[in-house]
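Asks: Under numbering that gives the first Met the number 0, the first residue of the sequence shown is numbered 0, with each subsequent residue one higher.
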Amino acid sequence: MPRPFTPKIVTANDLLIGDVIYQTADDDWTRDLALAEILTDEADAQLRLLHAERQRDRLVGAYLADVTQGPDGPLPAHFREAFRAKGPSNHHHGKQERASHV
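#1: Going by beta carbon distance, what residues of the same chain come within less than 8 Å of isoleucine 37, once the five residues before and after it are set aside?
#2: Using three-state DSSP, classify glutamine 45 as helix, strand or coil.
#3: Based on the DSSP output, what are the partners of alanine 64 in its beta bridges?
#4: Leaving out the 5 sequence neighbours to the left and right, which residues in its chain are closer than 8 Å to glutamate 80 when beta-carbon positions are compared?
#5: Roughly how far, in whole angstroms, is the beta-carbon of alanine 35 from the beta-carbon of alanine 51, given that I think they are within contact range, below 8 Å?
#6: Give me the residue from Asp56, Ala44, Leu46, Pro75 with the minimum Cα distance to leucine 14.
Right under this line is the structure:
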């Protein structure tokens, strides 16, 4: 028996910058997980992923990631996605640079 479909988002890495990006409902990309489109239908999720995979001039490594619905948008369902959403693992560039007070 197949497992039930769980909510997902389409995520990838920006081809030029390398940042983690998320597909939005208006076919754009954002670095803010809270703005990512939550996909609740399996067929729709596959179509959105195919659309992302065709954008080879903009991104690399597109895939569907499990999420849960939070009060302000999607939340990562797995550690890997939570880690990716925080940005680089050092505080000298990327998303974490804005929060750095060092």
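Using N, Cα and C, we set each Cβ at its ideal position, and we do this for glycine too.
Replies: If we stick to the structure as given:
#1: Annotation for isoleucine 37: Pro6, Lys7, Ile8, Val66, Gln68, Gly72, Pro73 place their beta carbon closer than 8 Å to its own, counting only its chain and skipping 5 residues before and after.
#2: Three-state result, glutamine 45: helix.
#3: Alanine 64 pairs with Ile8.
#4: Cβ-Cβ distances below 8 Å link glutamate 80 to Thr10, Ala64, Asp65, Val66 in the same chain, with the five nearest sequence neighbours on each side left out; the list follows chain order.
#5: Not confirmed; about 12 Å, so no contact.
#6: Asp56
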